[in-house]
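Numbering (UniProt numbering), first residue to last: 1 to 307. Backbone N, C-alpha and C define an ideal beta-carbon position, used for all residues, glycine too. The structure displayed is predicted, hence computed values, not measured ones. Right, one structure below, let's go through it.
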């Protein structure tokens with residue numbers, strides 16, 4: 001009983017910190033969901049766009065630029081990176097995953113060029129989290145308020161957009177690009193714009209994270225994709241994905257739940273090096289569960305052998 005109480009005490013103590021972190025990283029999960037679910041465009045650009053936004057934000061903060069302007073510029077940089085990924089896929093007919101890998105690889109060098117070194121400290125520079133009047137700057141409460149408000153704004157804006165004609169066109173391209181093109185929808189514009197928007201959210205998350213932790217690093221996106229995918233799987237399992245608002249809510253709910261689970265595992269004494277293994281196994285289980293429930297797990301392999 002004493003051990004359980006100690007674990008719960010440690011978990012409650014770090015919960016505000018992980019809640020703030022999960023709300024910031026929820027934008028990465030959103031950047032993974034939009035291409036994956038809305039456009040049927042499996043993409044890896046987020047792992048490069050996240051540090052891209054952080055590096056851009058870090059350099060601008062060090063130069064004395066307003067923290068809000070830093071986020072806007074990071075958003076634009078991430079949008080450009082996502083557009084490049086989609087263009088590579090459409091123009092050269094390269095698979096979406098390979099196009100994302102190419103862009104992610106190139107962004108590593110670009111991030112090094114932007115900062116001029118592998119990491120940059122921005123401790124003491126202004127941040128958007130300092131603007132909360134009733135919370136102490138740098139404390140989790142201010143980060144929760146700012147990230148939570150931004151999450152509500154983004155959720156509402158995307159919900160309204162995907163209910164418009166243009167938003168429906170984007171979803172139609174993801175459902176059936178050939179039929180969408182036959183209906184007069186510009187598949188290139190929808191794909192490039194959608195993937196660009198997704199990467200822009202990932203870059204914005206990187207900018208927010210830099211302002212939260214006080215430094216930028218070219219390796220800060222390492223493993224963010226698998227964590228984001230795990231959070232998305234959890235969110236979809238909890239809230240579903242049958243409607244637009246459920247699809248948009250899943251990244252935010254999943255990020256909160258996932259990072260609270262991570263903090264609970266750490267509070268329970270799990271060694272940090274084992275978290276990656278646990279995350280990978282969890283994602284595998286979530287992806288395999290629907291197939292196992294239908295009882296058709298081995299079927300595709302047998303059919304492939306016959307062919």
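Practice problem: For the stretch 235-251 and the stretch 144-164, state whether three or more C-beta atom pairs, one from each stretch, are separated by less than 8 Å. | Solution: yes
### Query
With contact counted as at least three CB pairs below 8 Å, one residue from each stretch, are the stretch 194-208 and the stretch 81-97 in contact?
yes
Any chain B beta carbon closer than 7 Å to residue 262: Protein chains in the displayed structure number just one, and chain B is not present.
Open item on the list: So, under 8 Å CB-CB, residue 46 and residue 31 are touching, yes? Tell me the CB distance rounded to an integer number of Å.
Closed with: By one-based count along the chain shown, residue 46 stands at place 46. By one-based count along the chain shown, residue 31 stands at place 31. That belief holds up - the Cβ atoms of residue 46 and residue 31 are roughly 5 Å apart, short of 8 Å.
* Asked: So, is residue 5 buried or exposed, given that buried needs 16 or more other C-beta atoms within 10 angstroms?
  -> Position 5 of the chain shown holds residue 5. Burial call: exposed.
Under a Cβ-count criterion, where at least 16 other Cβ atoms within 10 Å of its own Cβ denotes burial, should residue 153 be classed as buried or exposed? Taking the chain shown and counting its residues from 1, one reaches residue 153 at position 153. It counts as exposed.
Review point. When you compare each of 63, 8 and 77 to residue 204 by their alpha carbons, which one comes out closest?
Key: By one-based count along the chain shown, residue 204 stands at place 204. Closest option to residue 204, Cα to Cα, is 77.
- Closest by C-alpha distance to residue 242, when choosing among 267, 38 and 130: Start at 1 with the first residue of the chain shown, and residue 242 comes out as number 242. Comparing Cα positions, the closest option is 38.
request  = Over the uninterrupted beta strand (DSSP E) stretch that includes residue 215, give me the two end residues.
outcome  = Taking the first residue of the chain shown as position 1, residue 215 is located at position 215. 215-217 is the span of the beta strand (DSSP E), which, as asked, contains residue 215.
Check your understanding: residue 244 and residue 162: beta carbons closer than 7 Å?
Key -> As a working note, residue 244 is residue 244 in the chain shown. As a working note, residue 162 is residue 162 in the chain shown. Cβ distance < 7 Å, so residue 244 and residue 162 count as in contact.
Taking residue 140 as the reference, give the member of 182, 71, 213 and 96 with the closest Cα.
Within the chain shown, the letter at position 140 stands for residue 140. When each option's Cα is compared against that of residue 140, the closest is 213.
Runs of alpha helix (DSSP H) wholly within the stretch 128-188 (minimum 4 residues, chain order) = 140-162, 165-175 and 177-182
query: Helix, strand or coil for residue 119 per DSSP?
result: Reading the chain shown from its first residue, position 119 is the one you call residue 119. Residue state, collapsed to three classes: strand.
Taking just the CA atoms, how far does residue 256 sit from residue 289?
-> Taking the chain shown and counting its residues from 1, one reaches residue 289 at position 289. Taking the chain shown and counting its residues from 1, one reaches residue 256 at position 256. Their Cα atoms are separated by approximately 22 Å.
Exercise for the section: State buried or exposed for residue 270, treating a residue as buried only when at least 16 other CB atoms are found within 10 Å of its CB. Expected result: The residue given as residue 270 occupies position 270 in the chain shown. Label assigned to residue 270: exposed.
Tell me whether residue 246 sits in a helix, a strand or coil according to DSSP, three-state version. Reading the chain shown from its first residue, position 246 is the one you call residue 246. Residue 246: helix per DSSP, three-state reduction.
request  = Express the C-alpha separation of residue 129 and residue 18 in angstroms, rounding to a whole number.
outcome  = Locating residue 18 in the chain shown gives position 18, counting from the first residue. Locating residue 129 in the chain shown gives position 129, counting from the first residue. Approximately 16 Å between the Cα atoms of the pair.
Q) Counting pairs of Cβ atoms below 8 Å between the stretch 215-222 and the stretch 86-101, do you hit three or more? A) no
key: Alpha-carbon to alpha-carbon, residue 223 and residue 230   = Within the chain shown, numbered from 1, the residue matching residue 230 stands at position 230. Within the chain shown, numbered from 1, the residue matching residue 223 stands at position 223. Cα-Cα distance, rounded: 11 Å.
### Message
On the CB-based measure, 16 or more other CB atoms within 10 Å of its CB, does residue 12 come out buried or exposed?
### Response
As a working mapping, residue 12 is identified with position 12 in the chain shown. Flag for residue 12 reads exposed.
- prompt: CA-CA distance, residue 181 and residue 118?
  reply: To locate residue 181, count along the chain shown from 1; it is residue 181. To locate residue 118, count along the chain shown from 1; it is residue 118. Approximately 44 Å between the Cα atoms of the pair.
(Q) Looking at residue 55: is its Cβ nearer than 7 Å to the Cβ of residue 14? (A) Position 55 of the chain shown, counted from the start, is the residue given in the question as residue 55. Position 14 of the chain shown, counted from the start, is the residue given in the question as residue 14. The answer is no: Cβ separation not under 7 Å.
Nearest neighbour of residue 183, chosen from 164, 169, 98 and 287 [CA to CA]: Indexing the chain shown from 1 puts residue 183 at position 183. Out of 164, 169, 98 and 287, 169 has the C-alpha closest to the C-alpha of residue 183.
Point to revise | C-alpha distance - residue 306 paired with residue 43, whole-angstrom precision | key: One-based indexing of the chain shown puts residue 306 at position 306. One-based indexing of the chain shown puts residue 43 at position 43. Note that residue 306 has pLDDT 44, beneath the 50 cutoff, so the model's placement of it is unreliable and the number below is only indicative. Each residue's Cα considered, the two are about 31 Å apart.
Endpoints, the alpha helix (DSSP H) within which residue 91 is located
Numbered from its first residue, the chain shown carries residue 91 at position 91. From DSSP, the alpha helix (DSSP H) with residue 91 extends over 67-92.
* Among 278, 178 and 68, which one has its Cα closest to the Cα of residue 131? -> Within the chain shown, residue 131 is the residue found at index 131, counting from 1. Of the listed residues, the one whose Cα sits closest to residue 131 is 68.
**Q.** Outcome for residue 164 when other beta-carbon atoms lying within 10 angstroms are tallied against a minimum of 16
**A.** To locate residue 164, count along the chain shown from 1; it is residue 164. Per the 10 Å Cβ criterion, exposed.
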